[in-house]
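Working notes, structure below.
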Amino acid sequence: MTAILVINSGSSSFKYQLIDVDTETELAGGLVERIGEKLGRARHTNVAAGGERQDTNLTIRDHTVGFAAMIAGFAEHGPQLTEIDLVAVGHRVVQGGAIFTGPTVITDTVLAQITELSALAPLHNPAHVQGIEAGRLNFPYVPHVAVFDTSFHLTMPAPAYTYAIDTALAAKHGIRRYGFHGSSHKYVSEAAAEFLGRPLAELKTIVLHLGNGASACAVDGGKSIDTSMGLTPLQGLVMGTRSGDIDPAVLFHLHRKAGYSIDQLDELLNKKSGMLGLTGNGDMRDVEVAALAGDAIAQAALDVYYHRIRGYVGNYMAQLGGLDVIVFTAGVGENSGVIRERALEGLEGLGIQVDHDRNYAFSRGARVISTDASRVTVLVIPTNEELEIARESRAVI
Ligand code: AMP
Numbered sequence: 009m010t011a012i013l014v015i016n017s018g019s020s021s022f023k024y025q026l027i028d029v030d031t032e033t034e035l036a037g038g039l040v041e042r043i044g045e046k047l048g049r050a051r052h053t054n055v056a057a058g059g060e061r062q063d064t065n066l067t068i069r070d071h072t073v074g075f076a077a078m079i080a081g082f083a084e085h086g087p088q089l090t091e092i093d094l095v096a097v098g099h100r101v102v103q104g105g106a107i108f109t110g111p112t113v114i115t116d117t118v119l120a121q122i123t124e125l126s127a128l129a130p131l132h133n134p135a136h137v138q139g140i141e142a143g144r145l146n147f148p149y150v151p152h153v154a155v156f157d158t159s160f161h162l163t164m165p166a167p168a169y170t171y172a173i174d175t176a177l178a179a180k181h182g183i184r185r186y187g188f189h190g191s192s193h194k195y196v197s198e199a200a201a202e203f204l205g206r207p208l209a210e211l212k213t214i215v216l217h218l219g220n221g222a223s224a225c226a227v228d229g230g231k232s233i234d235t236s237m238g239l240t241p242l243q244g245l246v247m248g249t250r251s252g253d254i255d256p257a258v259l260f261h262l263h264r265k266a267g268y269s270i271d272q273l274d275e276l277l278n279k280k281s282g283m284l285g286l287t288g289n290g291d292m293r294d295v296e297v298a299a300l301a302g303d304a305i306a307q308a309a310l311d312v313y314y315h316r317i318r319g320y321v322g323n324y325m326a327q328l329g330g331l332d333v334i335v336f337t338a339g340v341g342e343n344s345g346v347i348r349e350r351a352l353e354g355l356e357g358l359g360i361q362v363d364h365d366r367n368y369a370f371s372r373g374a375r376v377i378s379t380d381a382s383r384v385t386v387l388v389i390p391t392n393e394e395l396e397i398a399r400e401s402r403a404v405i
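For the sequence shown, the working numbering gives the first residue as 9, with consecutive numbering after it.
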């Protein structure tokens with residue numbers, strides 16, 4: 009059996025999946041968390057054997073020890089890594105700047121470049137580097153591949169990625185729109201074409217990746233031409249704890265009038281805004297339940313959420329010069345019928361008509377939720393970023 013191990017590393021945890029590259033199925037997966045704390049935890053599931061999730065509590069000093077804990081999970085609960093032909097380890101990397109246009113085999117030079125790009129993604133890239141270093145120590149004989157969230161969006165034309173500020177200053181500091189969730193937008197837009205049995209090259213698609221982080225992407229013939237996240241994953245749609253679009257002058261105002269420091273403003277917009285800021289709860293499930301029960305604050309917050317999505321749909325219809333497909337994906341997009349329906353409400357004049365019954369029919373698979381009369385086909389497609397990372401890793405080894 010030929011497999012790829014996919015690693016998504018954060019600063020104090022990492023997720024992993026072992027994927028069979030021929031059947032494209034998950035063989036095993038898990039989460040190593042609370043790295044560096046007194047008591048950490050390693051969770052492992054032998055998916056291929058239909059196994060239950062196995063939890064082990066232990067002290068995990070650093071990512072290298074975390075990898076050892078993951079390997080112990082495989083040894084104890086299977087599948088046995090010794091019986092698998094592991095052909096690559098694929099690492100998710102959030103920020104690839106304007107350098108990495110696609111998946112890249114990791115060398116010392118590439119690792120140094122990823123480290124350098126930390127200035128543009130201080131919360132993410134240093135954590136990825138820790139994961140890559142630990143991975144190379146524990147799996148020295150297989151190629152390690154970096155798959156960047158930003159690569160898919162490097163096809164954006166200059167007018168879409170340029171901020172209207174001093175050109176020399178922007179160039180000096182790498183300030184431009186990069187966009188994120190690239191693996192998801194790529195996977196889902198390709199899956200949409202396949203599902204509809206239509207050539208990708210002919211389709212104009214808007215992908216709405218609505219999870220805890222959220223972004224919209226305009227995909228023309230398989231290529232990203234615009235996306236809502238920017239220099240960092242803060243811009244764009246309203247998210248669980250992130251504000252999305254905001255007048256930058258709000259920051260000057262809060263600094264001058266309320267004495268907020270740069271770090272406090274960073275924390276305010278990234279961690280205390282979005283649905284959390286609007287309602288006191290950043291979990292969409294809770295906000296949805298509260299709104300359905302008549303909570304006026306939750307309802308008002310959702311109206312802000314819908315308004316922002318609708319704005320991007322209209323914007324991207326114009327940028328694409330037409331529209332064939334809208335796809336909902338990620339935690340909220342895949343699971344919430346109410347949010348899908350309300351977000352696209354009032355767009356019938358633009359040829360977008362969600363079918364109430366299809367939208368609420370329960371299913372875990374890819375499905376159509378628009379009416380037969382709708383000019384734009386609206387789909388729900390479960391994203392699979394790990395599979396996309398495995399596919400892209402395989403393509404370059
Ligand atoms: P993700 O980041 O893709 O894992 O998505 C996480 C988000 O999806 C969280 O805010 C969850 O509350 C939300 N979510 C999951 N299931 C539902 C649901 N049935 N209704 C609304 N939101 C949901």
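All C-beta atoms in this analysis are idealised placements derived from N, C-alpha and C, irrespective of residue type, glycine included. Keep in mind that this is a model prediction, so the values were computed, not measured.
At 4 residues or longer, and completely inside the stretch 168-239: list those alpha helix (DSSP H) runs for me, N to C. 175-181 and 190-204
Rounding to the nearest angstrom, what Cα-Cα distance links GLY18 and LEU310 in this structure? 29 Å
Can we count ASP311 as close to the ligand AMP, meaning its CB is less than 6 Å from some heavy atom? no
Please confirm whether any heavy atom of the ligand AMP lies closer than 6 Å to the CB of GLY229. no
GLN88 classed as buried or exposed, judged by whether at least 16 other C-beta atoms fall within 10 angstroms: exposed
Can you have a look at TYR186 and say buried or exposed, based on whether 16 or more other CB atoms are within 10 angstroms of its CB? buried
Does the distance between the C-beta of ARG293 and the nearest non-hydrogen atom of the ligand AMP fall short of 6 Å? yes
Please report the straight-line C-alpha distance between ASN220 and ASN133, rounded to a whole angstrom. 19 Å
Outcome for GLU84 when other beta-carbon atoms lying within 10 angstroms are tallied against a minimum of 16: exposed
Is GLY373 near the ligand AMP, going by C-beta to nearest heavy atom under 6 Å? no
Leaving out five residues before and five after VAL362 in sequence, what residues of the same chain have Cβ atoms less than 7 Å from its Cβ? ARG348, GLU349, LEU352, ILE377, SER378 and VAL386
With C-beta atoms as the reference, is ALA301 less than 7 Å away from GLN307? no
Length of the line joining the Cα atoms of VAL97 and GLY290: 33 Å
Nearest candidate by alpha-carbon position, reference ALA135, set ILE122, LEU145, ASN146 and ASP274: ILE122
Can you tell me which of the three DSSP states GLU34 falls into? strand
4-residue-minimum alpha helix (DSSP H) runs that sit fully inside the stretch 296-383, ordered along the chain: 304-328, 338-343, 345-351 and 364-368
Among ARG383, LEU242 and THR249, whose alpha-carbon lies nearest the alpha-carbon of ASP255? LEU242
Going by DSSP, what residue range makes up the beta strand (DSSP E) through ILE12? 10-17
Pairing CB atoms from the stretch 153-161 with CB atoms from the stretch 261-271, are three or more of them under 8 Å? no
Looking only at its chain, what residues have a beta carbon closer than 7 Å to the beta carbon of ASP63, apart from the 5 residues adjacent to it on each side? ARG49 and ARG51
Between GLN138 and the rest of its own chain, which residues show a CB-CB distance below 6 Å, the 5 nearest in sequence each way excluded? HIS71
Hey, would you say ALA200 sits closer than 7 Å to VAL335, going by beta carbons? yes
For ILE27, which of helix, strand or coil comes out of DSSP? strand
Can you pull the DSSP bridge partners for PHE156? VAL101
Per-residue DSSP class, three states only, for GLY48: strand
Could you tell me whether any non-hydrogen atom of the ligand ADP is closer than 6 Å to the CB of GLY285? This structure lacks the ligand ADP; the ligands present are the ligand AMP.
Using CA coordinates, which residue listed in THR67, ALA80 and ALA36 is at the minimum distance from ARG61? ALA36
Rounded C-alpha distance that separates VAL40 from LEU47: 11 Å
Over the uninterrupted beta strand (DSSP E) stretch that includes ARG61, give me the two end residues. 61-66
Hey, would you say ALA11 sits closer than 7 Å to LEU94, going by beta carbons? yes
Going by DSSP in three states, SER281 sits in which element: helix, strand or coil? coil
Take ALA209 as the anchor and find which of ALA120, LYS231 and MET9 has the nearest alpha-carbon. LYS231
Any idea what DSSP makes of ALA56, helix, strand or coil? coil
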